[in-house]
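Undergrad: Under numbering that gives the first Met the number 0, the first residue of the sequence shown is numbered 0, with each subsequent residue one higher.
Where is the CB? At the ideal position from N, CA and C, for every residue including glycine.
Structure in structure tokens, see below.
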Amino acid sequence: MRTLNLFRGLFRRFRTLVLRREVEIVGQCRLCGNCCHGILLKDRGWLKRKRQFDKLCEREPAHTRFRITGKDHRGRLVFDCAMQGEDNLCTSYGERLPLCRNYPSKSLYYQGGWIGAECGFRFKSVTFRDVLLRRKQIRAPRFSDVLDQERERDLQQADKRTT
Ligand code: SF4
Ligand code: SF4
0 MRTLNLFRGL FRRFRTLVLR REVEIVGQCR LCGNCCHGIL LKDRGWLKRK
50 RQFDKLCERE PAHTRFRITG KDHRGRLVFD CAMQGEDNLC TSYGERLPLC
100 RNYPSKSLYY QGGWIGAECG FRFKSVTFRD VLLRRKQIRA PRFSDVLDQE
150 RERDLQQADK RTT
């Protein structure tokens, strides 16, 4: 499964590069609350031990809202959130963490992951098939984007020279 996700993620990145079409996240939240339990957390790598989680909480106390409920088949800690109300809604909506605000993120897509079927969001991507059947066109890079990239590269090279 892990290898499959890895290859799927690599393929998605390759396709994005070739077709120059970023994945889009479309839809809207149905307030089902499913993304607020069965959570996996990262602190550089996935958290697998309680002491890694304790360290994260020491550094970023906002994470103390998460409660370990077990481990998944890859040995990663699985969490629920104490801020989820009986109605499944977030009781700390204004202070929710970036990982909550950003769900579902494009990085999930590029890691080969999926959005749960119950979620109101979905990934929308252009496939090679779409292009072959002329349902979508390969999008040429915009001139201003190319200029931005060139400018960025010049700045990075200038930075390297001064360090
Ligand atoms: S799983 Fe999707 S629809 Fe459900 S609360 Fe999370 S973002 Fe909203
Ligand atoms: S802080 Fe709110 S949005 Fe984030 S996991 Fe907890 S209940 Fe869900």
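Can you tell me whether residue 111 is buried or exposed, with buried defined as 16 or more other CB within 10 angstroms of its CB?
TA: Burial call: buried.
Undergrad: Measuring only the C-alpha atoms, how far is residue 26 from residue 90?
TA: Straight-line Cα distance between these residues: approximately 23 Å.
Undergrad: Under 8 Å, with one C-beta from each stretch per pair, do the stretch 24-40 and the stretch 71-85 reach the 3-pair mark?
TA: yes
Undergrad: Give me the residue from 108, 117, 118, 94 with the minimum Cα distance to residue 163.
TA: The requested residue 163 does not occur in the structure, where the chain is confined to residues 0 to 162.
Undergrad: Which residue wins for smallest C-alpha separation from residue 86, given the options 44, 103, 2, 31?
TA: 31
Undergrad: In three-state DSSP terms, what is residue 25?
TA: strand
Undergrad: Could you round the C-beta distance between residue 29 and residue 119 to whole angstroms and report it? I think they count as a contact, below 8 Å.
TA: 4 Å
Undergrad: Does the Cβ of residue 103 have 16 or more other Cβ atoms within 10 Å, making it buried, or fewer, making it exposed?
TA: buried
Undergrad: From this set, 49, 17, 8, which residue's C-alpha is nearest residue 163's C-alpha?
TA: Past the edges of the chain, shown from 0 to 162, lies residue 163, and the structure says nothing about it.
Undergrad: Can you name the residues that DSSP bridges to residue 67?
TA: DSSP lists 78 as partners of residue 67.
Undergrad: Using the DSSP secondary-structure output, state which residues sit across from residue 89 in a beta bridge.
TA: 83
Undergrad: From the DSSP output, in three-state form, read off residue 47 for me.
TA: coil
Undergrad: Spatial neighbours of residue 21 within its chain, please: C-beta separation below 8 Å, excluding the five flanking residues on both sides.
TA: Only residues of its own chain outside the window of five on either side were considered, and among them 15, 105 have a CB closer than 8 Å to the CB of residue 21, listed in chain order.
Undergrad: With which residues is residue 121 paired in a DSSP beta bridge?
TA: 25.
Undergrad: One question on the structure: do residue 47 and residue 76 come within less than 8 Å of each other, judged by their Cβ atoms?
TA: yes
Undergrad: Spell out the partners DSSP gives residue 169 in its beta bridges.
TA: Nothing in the structure corresponds to residue 169, since the chain is present only between 0 and 162.
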